[in-house]
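What follows is one structure encoded as structure tokens, with my remarks underneath.
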Amino acid sequence: SRTGAWFACEHEEIVPDIITMAKGMAGGMPLSAITGRAELLDKVHPGGLGGTYGGNPVACAAALAAIDSMRKFDLPARAQHIGDLALPRLNALAAEVGVIGDVRGRGAMLAMEFVKPGTNEPDAELTKAIAAHALAQGVILLTCGTYGNVIRLLPPLVIGDDLLDDALTVIEQIVRSLV
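Those letters in the sequence shown? Residues 390 to 568, by the numbering used here.
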């Protein structure tokens, strides 16, 4: 749901042979699943798709409850709405400050890549500073990337528009103040 569709492959109208799922599908409980075309999955010998995250009745019940909530609150649409609010602001910030080499993502799974001004050279120090300043103001940002110069924005899908606006404003102010 985080990308704005039930499965990210839907954005490209791809029908995969197999889909693997885990993590959020059970609201934090240990569960994973594989779905796919019967002609493929039926060829696997009995027990061939087992794992430590399968078959737990409590986790299965949690997954059913999580899926019910995702449907009830239309979380894919909410994720898309979050992206519709955040991406234009992040792109505008990138155009303004000259240290954001790329803004990317779909729905509520977004990222900004920080570079040294006028180059494509990763700026891990600026990225760390932005994350630290944001944390001091109550906004948790995740840094990642091969060079440590990417900030991931993964807001909760149930975040209110007002709180999302506040967080984006904090990010914008911090980036502007540090460049």
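Heads up, the beta-carbon is just placed ideally off N, CA and C, and yes, glycines get one too.
Looking at the DSSP output, D491 sits in a beta bridge with E502.
Spatial neighbours of N445 in its own chain (CB-CB distance under 7 Å, excluding positions within 5 residues in sequence) are listed in chain order as P419, L420.
By the neighbour-count criterion, in which a residue is buried when 16 or more other Cβ atoms sit within 10 angstroms of its Cβ, R467 is buried.
Under the three-state reduction of DSSP output, T409 falls in the strand class. For R565, the enclosing alpha helix (DSSP H) begins and ends at 550-567.
Taking 7 Å as the cut-off, the Cβ atoms of G393 and G472 count as close. DSSP, read as helix, strand or coil, puts R541 in strand. L530 is positioned such that its CB atom lies closer than 7 Å to that of I540. Here R565 is exposed. Its C-beta has fewer than 16 other C-beta atoms within 10 Å.
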